[in-house]
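**Student:** Quick mapping for you: the protein sequence lines, in order, are chains L, Y and E. Under our numbering, think of the first position of the first sequence as 32, with each following residue one higher. Under our numbering, think of the first position of the second sequence as 905, with each following residue one higher. Under our numbering, think of the first position of the third sequence as 6, with each following residue one higher. Ideal Cβ placement from N, Cα and C applies to all residues, glycine included. Keep in mind that this is a model prediction, so the values were computed, not measured. Have a look at the structure that comes next, please.
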Amino acid sequence: MIFVNELSVSYGAIKALNDVSFAAPSSSITAVLGANGAGKTTLLRTISGLVHPSKGDIRCDETSVVGMATEEIARMGVGHVPEGRGVISEFTVEENLRLGILASRLDVNEGMERQFELFPILGQRRKQYASTLSGGERQMLAMARALIARPHFLLLDEPSLGLAPLVTADVMKTIDSLCNVEDLTVILVEQNARSALRIAHQAIVLHLGAVVASGPAREVANDPDLRHYYLGLVK
Amino acid sequence: MLLTAGALSATFGLSSLNDSKLAGGAAIAIVILGLSWLIGWSGQVSLGNSGFMAVGGYVTAIWANHHTATPIIFSLCLAMLCGALSGLIIALPATRLRGPYLAGMTLAFSFAVGPLALYFPSITGGSGGLFLNFLNAPNWFLNLFSGPQALVQANAQWSADLSIVVAAVAFFFMANLFHSRTGRAMRLVRDNDVAAELAGVNLQRTRTLAFVISAAYAGLGGSLLTLLSGSVNSQMYSLQLSILLLTLMVLGGVGTLGGAVIGGLIYSYSDNLVSLVNKLTGINPTSSLGANLKGVFFGVLLILTMLLAPKGLGGLGARIANMANRLRPASMRAPTRE
Amino acid sequence: MGSFFSSRIMTDILGGLASGVVIALVALCLVIIWKSTHVLNFAQGAMGMFGAFVGMNLVFHGVNYWLCILVSMMAGLLLGGATERVLIRPLYGKPEINPIVVMVGFLGVIESAVPSIWKNEISTIPTPFSQVYYQSHGHTILMSPFVAFQIVLSLTVMGAIALLFRFTDLGLKMRAAALAPEVSRLLGVRVGRLLTWGWMLSSGVGALAAVIVSSGQSLAPSNMDGIFVSAFIAAAVGGLESPVGAVTGGLLIGVAESFALNFWSTNLAPLAGVIVLVVSLAWRPQGIFTRHVARRV
């Protein structure tokens, strides 16, 4: 369970997040939606400790993470696939995965085998350099790398970005099944509201840094005003 | 800032020892200004200005030895020209480089200048260097003084006044350049060279110009120093000098005219400062620590300044002024300065 | 055979490779620090000399030579770590010129402070192998047991560093910390600690280089000045981002300086390096081995 309470973040005079509060229950997917610049990425970065809030609290299963160093938050079990995936092109698939598991005490080989089962293509390409992978493959690598350390929480920043619709559907299906199998608390940031709402259990909508709507995913998806103004869906 | 230059000229009534210190300080201030210009306003870090000082110094000495009784202004201008020329040569490769590459290349240059001078001993006087006549005050100036120390005093005073005047002129030009189109173009290149290019500024030319001006100033300063001290040799222009220039520039404040002045003053009185430190900490000046204290002191000062107050003493002054400004009611506030 | 090896060209090349290998070592250290923390460590040579001072002075008190080398390296290591934490850490995110200036200042401090601590002792450092050049058919080859030792040691250390980076987990983490610090943090990698390790490694090896350079001479803080300039040039020629470039550059500069030494005079050796630098940067401003880096607009 991730609990965000009255979180505010400012970049100088600009308020990126304004009193954001919500709860993401475990074993579920919470979608964070909104237009470009709404503050979705800032939210994830703040949870991971890359950005310091000016006000508010973030709790991952009772532990407050505000003020903790990013790497310590990650070691607590918070996996984060950043915007743009962050795959290290100069490393091979294997090296990327290895990097993901080194901080934990888990067995490296076992971890890798697990990920290759989940994502067989990665197993085929294990010795290849990450720069040679396609967009969809890179997305899988980034997710596998975040998952290899068996996190309890998973933050995904726009996984569908730059991917073809079929691939996006695939990715979303994977996230859905993972959430159930691994008992994860997933926060899914997406601009592609439609695909996100299909797998999410609840959703919040951000607009200019503030929460303008929240509730079960189906409700949010069907609210006509919300659909038009904030999600870009046709009225 | 122009007022500062004017005010300096007013400090004429000092002892001869102080005068010669101020003279040296003024010369160094010129060099620092050139460096400050290059680093602060055009964003190119160069460690090679000691090399250009060497060019100016040697040129002045060589010319003086072949042609006695050259008017001082001529020597200085010649040195500036040679400085500018050598700056141009170095600028050709240097301006294509960024950050650390540029710093290292100019470092290598300053490193190579000493041995280069030694390679042509017939012209440069080898390791012994060259000598020329001390700067002698003209008769009309001498007549202003009387008493047993008149000659010494007059000469010292003359050196100081001359240096200050030269420095004032140099600073004046620099201030004008700052406000000119060229100056603005340079600052734009420093901050955002892609935007500058899009605005039609020729990057290469602007950078090269900045380099050449900086080198010219270094040459001028070097020449002045040579005239003041009456000698030039390759040991004077070492790595240590480059470090010293950088230190003084940072202490005074990068990119400001006032900063260069402060830097020059610190140079003039550096020995006094060190003795002060000696007294405060009780270190024996003849011990091995004492002998090396100057280097340690300035190095530490440089580090502390960069860590705590990167804009130098000048910057601190500006910050204090800003704070005082904010304490005034809004209607009486002066616009804040960068 | 003998006359081939002692021909002028061969002598220059051999001599160049011998000094080049040490230059390459220092250049590699510079690249490690540059890649991880984006700082050009102007004090690299001086920090190495500090380590050498600490360790090698013990030789005169009867301590075993090899142990002294280890002590030197440890001293260098510790100094490097301390420097990163105290001087460089606070400067992350600030303008790039700041660490350059700080390191230049640090250089000045070390070069002034060292003689005051060790009181200008002028004694020559002993060498474990003879420095007398081999003779063959009456010609002198610029190779002595010590030079051979120098080459072997430097190559071994460089090889060890390469192995460290390629095949160990620590090396993987260090590379990641240099290439993608933010992503690494998100994976739980303690980036700060690794950067400190990078500095420690670099300074420890730097101390070794300082010991090699000072062997057969007396210890003076400025011993490494020339090598630093050459090493910088080598790293710049090869490309500051490329360890392979640094090593190749080092050998190249070593040979170039050797030729300059012979055909011109002692004084102009650094100039040869400068010329190589200018030529190479005119041709490839980002270094010969750097892959093309796109400019962010």
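1) Helix or strand or just coil, what does DSSP make of I1117 (chain Y)?
2) Please report how far the alpha carbon of L951 (chain Y) lies from the alpha carbon of L1020 (chain Y), in whole angstroms.
3) Distance check for T94 (chain L) and K204 (chain L), CA to CA, integer angstroms please.
4) With distance defined between alpha-carbon atoms, name the residue in L:L228, L:S85, L:L64 and L:V51 nearest to A44 (chain L).
5) Three or more beta-carbon pairs under 8 Å between the segment 167–187 of chain E and the segment 112–128 of chain L, yes or no?
6) Measure the beta-carbon distance from M205 (chain E) to G50 (chain E) and round it to whole angstroms, keeping in mind my assumption that it falls under 8 Å.
7) What does the alpha-carbon distance come out to for the pair N46 (chain E) and G1008 (chain Y)?
8) Looking only at its own chain, which residues have a Cβ that is under 6 Å from the Cβ of G176 (chain E), when we skip the five neighbours before and after it?
9) Less than 8 Å between the CB atoms is what I'm expecting for V234 (chain E) and F1015 (chain Y), so what's the real figure, rounded?
10) Indicate whether at least one CB of chain E lies closer than 7 Å to the CB of G167 (chain L).
11) Any beta carbon from chain L within less than 7 Å of G85 (chain E)'s own beta carbon?
12) Am I right that V109 (chain E) and L96 (chain E) are in contact with their C-beta atoms under 8 Å? What's the rounded C-beta distance?
13) Evaluate L72 (chain E) with the Cβ neighbour count: other Cβ atoms within 10 Å of its Cβ, from every protein chain shown; 16 or more gives buried, anything less gives exposed.
14) Residues of the segment 237–260 of chain E with a CB closer than 9 Å to any CB of chain A: list them in chain order, please.
15) Got a sec? Which residues, its chain only, sit under 8 Å from P997 (chain Y) by beta carbon, not counting five neighbours each side?
16) Look at the alpha carbon of R258 (chain L) and the alpha carbon of A62 (chain L), and state the distance between them as a whole number of angstroms.
17) How about V91 (chain E): is its C-beta nearer than 7 Å to some C-beta of chain Y?
18) Can you find a CB in chain Y that lies within less than 7 Å of the CB of I105 (chain E)?
19) Kindly indicate which three-state DSSP category G1087 (chain Y) falls into: helix, strand or coil?
20) What did DSSP end up calling K1183 (chain Y) once you bin it into helix, strand or coil?
21) Since G1167 (chain Y) and L1152 (chain Y) are thought to touch, with beta carbons under 8 Å apart, how far apart are those beta carbons, to the nearest angstrom?
22) Classify R1241 (chain Y): buried if its beta carbon has 16 or more other beta carbons within 10 angstroms, exposed otherwise.
23) Helix, strand or coil for F184 (chain L)? Go by DSSP, reduced to three states.
24) DSSP on R171 (chain E), reduced to helix/strand/coil?
25) Would you report the Cα separation of I936 (chain Y) and V91 (chain E), rounded to the nearest angstrom?
26) Between the beta-carbon of G5 (chain E) and the beta-carbon of G243 (chain E), is there less than 7 Å?
27) Which first and last residues belong to the alpha helix (DSSP H) in which T253 (chain E) is found?
28) Only counting the same chain, and skipping five residues up and downstream in sequence, which positions put a Cβ closer than 7 Å to that of R106 (chain L)?
29) For S135 (chain E), go through chain Y and note every residue whose CB falls closer than 8 Å to its CB, in chain order.
30) With the cut-off set at 7 Å, would you say G250 (chain E) and I37 (chain E) are in Cβ contact?
31) Does S285 (chain E) have its Cβ less than 7 Å from a Cβ in chain Y?
32) Would you say G53 (chain E) lies against chain L (beta-carbon separation less than 7 Å)?
33) Quick check for students: name the residue ranges of the beta strand (DSSP E) that lie wholly in the segment 73–151 of chain L, counting only runs of 3 or more.
34) Quick check on S189 (chain E) - is its C-beta less than 7 Å from some C-beta in chain Y?
35) Mapping the DSSP letters down to three states, classify Q155 (chain E) as helix, strand or coil.
36) So, does the CB of P131 (chain E) fall closer than 7 Å to a CB anywhere in chain Y?
**Tutor:** A quick look at the data gives this:
1) Within the second sequence, the letter at position 213 stands for residue 1117 (chain Y). Reduced to three states, the DSSP call for I1117 (chain Y) is helix.
2) Position 47 of the second sequence, counted from the start, is the residue given in the question as residue 951 (chain Y). Position 116 of the second sequence, counted from the start, is the residue given in the question as residue 1020 (chain Y). Their Cα atoms are separated by approximately 17 Å.
3) Position 173 of the first sequence, counting from 1, holds the residue named residue 204 (chain L). Position 63 of the first sequence, counting from 1, holds the residue named residue 94 (chain L). Taking the straight line from one Cα to the other gives about 30 Å.
4) As a first step, residue 44 (chain L) is located in the first sequence; it is residue number 13 there, counting from the start. Nearest C-alpha to A44 (chain L): L:S85.
5) With the cut-off at 8 Å, the segment 167–187 of chain E and the segment 112–128 of chain L touch.
6) Position 200 of the third sequence, counted from the first residue, corresponds to residue 205 (chain E). Position 45 of the third sequence, counted from the first residue, corresponds to residue 50 (chain E). Contact flag wrong, Cβ pair sits at about 17 Å.
7) Counting from 1 along the third sequence, the entry for residue 46 (chain E) is found at position 41. Counting from 1 along the second sequence, the entry for residue 1008 (chain Y) is found at position 104. Between N46 (chain E) and G1008 (chain Y), the C-alpha separation is close to 10 Å.
8) What you label residue 176 (chain E) is simply residue 171 of the third sequence in a count that begins at 1. Taken in chain order, the residues that qualify are L169 and F170.
9) On the third sequence, position 229 is the one that residue 234 (chain E) refers to. On the second sequence, position 111 is the one that residue 1015 (chain Y) refers to. At roughly 5 Å, the Cβ-Cβ gap stays under 8 Å, so V234 (chain E) and F1015 (chain Y) are in contact.
10) Sequence index remark: in the first sequence, residue 167 (chain L) carries index 136 (1-based). The beta carbon of G167 (chain L) does not come within 7 Å of any beta carbon belonging to chain E, so the residue lies off that interface.
11) Here the question's residue 85 (chain E) lines up with position 80 in the third sequence. So, not an interface residue.
12) Residue mapping note: residue 109 (chain E) aligns to position 104 of the third sequence, counting from 1. Residue mapping note: residue 96 (chain E) aligns to position 91 of the third sequence, counting from 1. Taking the Cβ atoms as the reference, V109 (chain E) lies roughly 13 Å from L96 (chain E), outside the contact range of under 8 Å.
13) Looking up residue 72 (chain E) in the third sequence gives position 67. The residue in question, L72 (chain E), is exposed, as its Cβ has fewer than 16 Cβ neighbours within 10 Å.
14) Here the protein chains are L, Y and E, and chain A is not one of them.
15) As a working mapping, residue 997 (chain Y) is identified with position 93 in the second sequence. Excluding residues within five positions, the ones whose Cβ falls inside 8 Å are M1009.
16) By 1-based counting over the first sequence, the position of residue 258 (chain L) is 227. By 1-based counting over the first sequence, the position of residue 62 (chain L) is 31. Here the alpha carbons of A62 (chain L) and R258 (chain L) stand approximately 14 Å from one another.
17) Position 86 of the third sequence holds residue 91 (chain E). No - not a single Cβ of chain Y is within 7 Å of the one on V91 (chain E).
18) Along the third sequence, read from residue 1 onward, the residue named residue 105 (chain E) stands at position 100. The beta carbon of I105 (chain E) falls within 7 Å of a beta carbon belonging to chain Y, placing the residue at that interface.
19) The residue given as residue 1087 (chain Y) occupies position 183 in the second sequence. DSSP, read as helix, strand or coil, puts G1087 (chain Y) in helix.
20) Along the second sequence, one-based indexing puts residue 1183 (chain Y) at 279. Reduced to three states, the DSSP call for K1183 (chain Y) is helix.
21) As a working note, residue 1167 (chain Y) is residue 263 in the second sequence. As a working note, residue 1152 (chain Y) is residue 248 in the second sequence. Confirmed, Cβ separation roughly 4 Å.
22) Counting from 1 along the second sequence, the entry for residue 1241 (chain Y) is found at position 337. Low confidence applies here, because R1241 (chain Y) scores a pLDDT of 38, under 50, leaving its location unreliable and the question unanswered by this model.
23) Numbered from 1 along the first sequence, position 153 holds the residue referred to as residue 184 (chain L). In the structure shown, F184 (chain L) falls within a strand segment according to DSSP collapsed to helix, strand and coil.
24) Reading the third sequence from its first residue, position 166 is the one you call residue 171 (chain E). If DSSP states are grouped into helix, strand and coil, R171 (chain E) belongs with the helices.
25) Numbered from 1 along the second sequence, position 32 holds the residue referred to as residue 936 (chain Y). Numbered from 1 along the third sequence, position 86 holds the residue referred to as residue 91 (chain E). Computed Cα separation, rounded: 29 Å.
26) Residue 5 (chain E) lies beyond the residue range present for chain E, which begins at 6 and ends at 302; the question has no answer from this structure.
27) As a first step, residue 253 (chain E) must be located in the third sequence, where it is residue number 248. Counting along the chain, the alpha helix (DSSP H) containing T253 (chain E) begins and ends at P248 to F268.
28) Your numbering for residue 106 (chain L) matches position 75 in the first sequence. Within the same chain, R106 (chain L) has close Cβ partners A134.
29) The residue labelled residue 135 (chain E) in the question sits at position 130 within the third sequence. Ordered by position in chain Y, no residue passes the 8 Å Cβ test against S135 (chain E), which lies about 30 Å from the chain.
30) Locating residue 250 (chain E) in the third sequence gives position 245, counting from the first residue. Locating residue 37 (chain E) in the third sequence gives position 32, counting from the first residue. Not a contact, by the Cβ cut-off of 7 Å.
31) Numbered from 1 along the third sequence, position 280 holds the residue referred to as residue 285 (chain E). Judged by the 7 Å Cβ criterion, S285 (chain E) is not in contact with chain Y.
32) Position 48 of the third sequence, counting from 1, holds the residue named residue 53 (chain E). Judged by the 7 Å Cβ criterion, G53 (chain E) is not in contact with chain L.
33) Counting only runs of 3+ residues, the beta strand (DSSP E) found wholly inside the segment 73–151 of chain L occupies 86–91 and 109–112, in chain order.
34) One-based indexing of the third sequence puts residue 189 (chain E) at position 184. Closer than 7 Å to the CB of S189 (chain E) there is not a single CB belonging to chain Y.
35) Translated into positions along the third sequence, residue 155 (chain E) becomes position 150. Helix, per DSSP.
36) As a working mapping, residue 131 (chain E) is identified with position 126 in the third sequence. Using beta-carbon distances, P131 (chain E) does not count as an interface residue toward chain Y, since no partner is under 7 Å.
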